[in-house]
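Note that the sequence shown ends on residue 725 in this note's numbering; no numbers are left out. First up is the structure itself, then whatever we jot down about it.
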Amino acid sequence: MGLVRAVSDSAFAPALLFAIACAIGIPLAGLRLRMPWRSFSIGMIGVVVGAALAYLVLPVLFEDAETNIACVSAMAMRGAPVYPAMNAAARYSLAYGPLTYLAHMPLYWLLGESLVSFKLLGILSMLVTLGLSYRICRHYGSSREALVGVGCLSLVLFRYLHVEFWGRNDPLLLCFTALALWAVVEAGDKAAVLAVALSFAVLPNLKITAVFYVLPILVLLIIQRGWKLAGVAVAIALALFPSPFLLPQVSLAGYIAILQTVGKHGLDPGFLARNLQYSAIFLLPTGMLAWSGTNPKLSRGQQRYLAAIAAGLLGASFAGAKIGAGSYHLLPLAIPVLQSYFWIRSEREPIIRDRVFSKLSVAWVLTMLLYSTNFVEAVWHSYQFAGPGKKVIADIRSLESQYRGSTLQVGIGDGFRDPTTFYAYQPVFAGQPYLISGASVRDHQFGGVEIPAATLDDLRNCAIRVWLIPLGRQPFSAQNTYYTGDHLAFGRDFASTFVANYRKAGSGSSYDVWICTH
Numbered sequence: 208m209g210l211v212r213a214v215s216d217s218a219f220a221p222a223l224l225f226a227i228a229c230a231i232g233i234p235l236a237g238l239r240l241r242m243p244w245r246s247f248s249i250g251m252i253g254v255v256v257g258a259a260l261a262y263l264v265l266p267v268l269f270e271d272a273e274t275n276i277a278c279v280s281a282m283a284m285r286g287a288p289v290y291p292a293m294n295a296a297a298r299y300s301l302a303y304g305p306l307t308y309l310a311h312m313p314l315y316w317l318l319g320e321s322l323v324s325f326k327l328l329g330i331l332s333m334l335v336t337l338g339l340s341y342r343i344c345r346h347y348g349s350s351r352e353a354l355v356g357v358g359c360l361s362l363v364l365f366r367y368l369h370v371e372f373w374g375r376n377d378p379l380l381l382c383f384t385a386l387a388l389w390a391v392v393e394a395g396d397k398a399a400v401l402a403v404a405l406s407f408a409v410l411p412n413l414k415i416t417a418v419f420y421v422l423p424i425l426v427l428l429i430i431q432r433g434w435k436l437a438g439v440a441v442a443i444a445l446a447l448f449p450s451p452f453l454l455p456q457v458s459l460a461g462y463i464a465i466l467q468t469v470g471k472h473g474l475d476p477g478f479l480a481r482n483l484q485y486s487a488i489f490l491l492p493t494g495m496l497a498w499s500g501t502n503p504k505l506s507r508g509q510q511r512y513l514a515a516i517a518a519g520l521l522g523a524s525f526a527g528a529k530i531g532a533g534s535y536h537l538l539p540l541a542i543p544v545l546q547s548y549f550w551i552r553s554e555r556e557p558i559i560r561d562r563v564f565s566k567l568s569v570a571w572v573l574t575m576l577l578y579s580t581n582f583v584e585a586v587w588h589s590y591q592f593a594g595p596g597k598k599v600i601a602d603i604r605s606l607e608s609q610y611r612g613s614t615l616q617v618g619i620g621d622g623f624r625d626p627t628t629f630y631a632y633q634p635v636f637a638g639q640p641y642l643i644s645g646a647s648v649r650d651h652q653f654g655g656v657e658i659p660a661a662t663l664d665d666l667r668n669c670a671i672r673v674w675l676i677p678l679g680r681q682p683f684s685a686q687n688t689y690y691t692g693d694h695l696a697f698g699r700d701f702a703s704t705f706v707a708n709y710r711k712a713g714s715g716s717s718y719d720v721w722i723c724t725h
């Protein structure tokens, strides 16, 4: 694992790991061993689903953006803005589309605001994705082949373990990509138009760069259903797209402002290089299958579709190269890649498709497994915090009871990766306000927007009377890790204003309690 970790830090990590995997896998494939693909697929599906169910029941989150979405969704339930103005006191907006937050509201309404109801949306979305992907593969092959196809998709999901079910918008992006693709492949014309239109409206409202996921599906819709039905679907999608901005909580101006701010972050060349390599690895099995043998040749429609997938991967590679992003932006396009493989495979001679599969299968599987180690390790460490997490929640509840009647929020200490800061949702679910988010502060500052004067005024006026700061940590002293050198995320004015107006009044088991001095 030390070698894998050392290689994974390189800008050429995907290519290097694929070379290692080929060096191991191709000789193994040459032995013509009988691979238990059905058992492997069931195992991969089981691992991904099992990890998701563990996430549902354990009191853990993976990072502070999840906490932000949980809190802002709850605040929106009460009518608070999803995207506060840049000069407003509240500083918690992120560059996610409005449905990232609004989508949680139905489950909050049905089940109450809780960690389980927050997590449930992502897990249900992942299960729907797996089911729809099976139907897509089954359209072109047998039930066994479809199972192996979903097993391979689960392997890709395992490579990004937790992204497919966590509380951010990625599970929904996967789900609506799968829904649109399934509708094009299997549904009747009317159902296809409605499902595709809904998906095309939802995807950019989850993340604006999801237009890159829409592109190949739109091309496939035109190829298989014609321009007329595609035009109707696009027209309906365009009519539905502005719907979230009709709600009083969702400001179009505020959303554009945060997009413009994050747009100044720039690109990480290392991320871009890795994303492009992963795009090539994703497409390699389909590409080799497509150009292995000459009978039958790819149709013009298939060529255009593969070109659209490649264009989508290229666009997503740039979107995922933003500083702080990563190759998981490619993940929804794994579904069109899988469908394209099965579509082309269904028209190949068995001897050709079996030759391609046997040459690449072991190496491709090993590549995904090798590069999954960092994600799996992160998930394991997070799940190990489940025991301490219960104590953290109990401490918050105890302090809430002790300071009942006072506004209270979990704050930041000297780092954003401290898991005790991820429990900021607990007071918000109990009805407390949410003034500031560390994830939002980082994004704004790196885009050139510092904490506004109105936020400092709220500190001076003690809008939050009680702050829970991770035990033994200096309040709001975290560095913004987007910068290469030391750079205080909250700035010196925020820190000095805080110290001038709050004092440490005691401690619980997980937090120091800082209360207003006046």
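Think of the CB as a built atom: it goes at the ideal place given N, C-alpha and C, for glycine as much as any other residue.
Given 7 Å as the limit, tell me if K597 has its C-beta closer than that to any heavy atom belonging to the ligand MG. Among the components of this structure there are no ligands whatsoever, and the ligand MG is therefore not found.
Helix, strand or coil for Q616, going by three-state DSSP, please let me know. Strand at Q616.
Hey, quick one: how far does the beta strand (DSSP E) through C723 stretch, first residue to last? 718-723
Use the C-beta contact count for I516: other C-beta atoms within 10 angstroms, 16 or more gives buried, fewer gives exposed. Burial call: buried.
Could you tell me the boundaries of the alpha helix (DSSP H) in which S280 lies? Residue range 271-284 is occupied by the alpha helix (DSSP H) that includes S280.
Does DSSP put K397 in a helix, in a strand, or in coil? helix
For N294, count neighbouring C-beta atoms within 10 Å of its own C-beta (all shown protein chains included) and say buried if the count is 16 or more, exposed if not. exposed
Kindly indicate which three-state DSSP category W316 falls into: helix, strand or coil? helix
May I ask you to report which of helix, strand or coil DSSP gives Y610? Coil.
How many whole angstroms separate the CB atoms of A518 and L422, which I take to be in contact at a CB cut-off of 8 Å? 6 Å
Three or more C-beta pairs below 8 Å linking the segment 677-690 and the segment 580-595: no
Candidates F478, W721, V648, W674: closest to S300 by CA position: Per the Cα distances, V648.
Identify every run of the beta strand (DSSP E) within the segment 474-553, keeping only runs that are complete inside it and at least 3 residues long; order them along the chain. Taking only runs of at least 3 residues, no beta strand (DSSP E) segment lies wholly in the segment 474-553.
Nearest candidate by alpha-carbon position, reference R667, set T628, G645, C723, G713: C723
Cβ-Cβ distance between A390 and A399 below 8 Å: With contacts defined by Cβ atoms closer than 8 Å, A390 and A399 form a contacting pair.
Of all the alpha helix (DSSP H) runs that stay within the bounds of the segment 214-263, which reach a length of 4 or more residues? 220-237
Quick check: what's the CA-CA separation for F365 versus L427? 27 Å
Could you give the first and the last residue of the continuous beta strand (DSSP E) run that contains R649? That residue, R649, is in no beta strand (DSSP E); its alpha helix (DSSP H) goes 645-653.
Output the boundary residues of the alpha helix (DSSP H) element that contains V457. Here V457 belongs to no alpha helix (DSSP H), and DSSP marks it neither H nor E.
Examine the Cβ distances between the segment 640-657 and the segment 692-703 and report whether three or more of them are shorter than 8 Å. yes
Going by alpha carbons, who is nearest to S361 out of L337, W373, V544? L337
Count the C-beta pairs between the segment 315-326 and the segment 671-683 that are closer than 8 Å, then say yes if the count reaches three, no if not. no
Is it the case that the Cβ atoms of L436 and D396 are separated by a distance below 8 Å? yes
Taking a contact to mean a Cβ-Cβ separation below 8 Å, would you say G374 touches A277 in this structure? yes
Give the range of the beta strand (DSSP E) segment to which P677 is assigned. 673-677
Determine the contact status of V335 and Y308, defining contact as a CB-CB distance below 8 Å. Taking C-beta atoms as the reference points, V335 and Y308 fail to come closer than 8 Å.
Using C-beta distances below 7 Å, list every residue in its chain close to V544, excluding the 5 sequence neighbours before and after it, in chain order. F489, L490, T493, I516
Under 8 Å between C-beta atoms of A712 and V267: no
Would you call the CB atoms of A218 and R481 closer than 8 Å? yes
At the level of alpha carbons, what is the spacing between G191 and Q509? With the chain covering 208 to 725 only, the question about residue 191 has no answer from this structure.
Nearest to P305 by alpha carbon, out of L339, Y512, T614, S458? S458
Tell me which residues share the same chain as A297 and place their Cβ nearer than 7 Å to its Cβ, disregarding the 5 neighbours each side in the sequence. P291, L642
Validate contact between the segment 596-606 and the segment 619-639 using beta carbons, cut 8 Å, 3 pairs: yes
Could you tell me which uninterrupted alpha helix (DSSP H) segments, each at least 4 residues in length, are contained entirely in the segment 676-717, listed from first to last along the chain? 698-708
How long is the line joining the alpha carbons of I463 and V469, rounded to whole angstroms? 10 Å
Boundaries (first-last residue) of the alpha helix (DSSP H) holding M333: Start and end: 322-347.
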